[in-house]
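Numbering (our numbering), first residue to last: 199 to 276. A virtual CB, placed ideally from N, CA and C, is assigned to each residue, including glycine. Here's the structure, in structure tokens; my notes come after.
See the structure below:
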């Protein structure tokens, strides 16, 4: 596992994902981020490196799907 992505929030998020997937809003709160744009930047670093993916998860009652971030275990660099 590489030590750093060059983005401190992405690095923390990557460690969090080692314990399992995390919802978008939960990740934003856990990282202490104020905006979705800040989280988007951190997630993009991981996605671009092939280390994570964002998947939509449908809510049982309908409505807008939740976004879940999960580690990409298919990546051999992981």
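In the DSSP assignment, residue 264 falls within the unbroken beta strand (DSSP E) covering 264-269. Unbroken alpha helix (DSSP H) stretches of 4 residues or longer found wholly inside the segment 221-264: 222-228, 234-246, given in chain order. In the three-state reduction of the DSSP assignment, residue 217 falls in the coil class, being assigned neither a helical nor a strand state. Look at the beta carbons and you see the segment 255-263 not touching the segment 201-208: under three pairs across the two are nearer than 8 angstroms. Between the alpha carbons of residue 214 and residue 261 lies a distance of about 27 angstroms. Secondary structure of residue 209 (DSSP, three-state): helix.
With fewer than 16 other Cβ atoms from the protein chains shown falling within 10 Å of its own Cβ, residue 253 counts as exposed.
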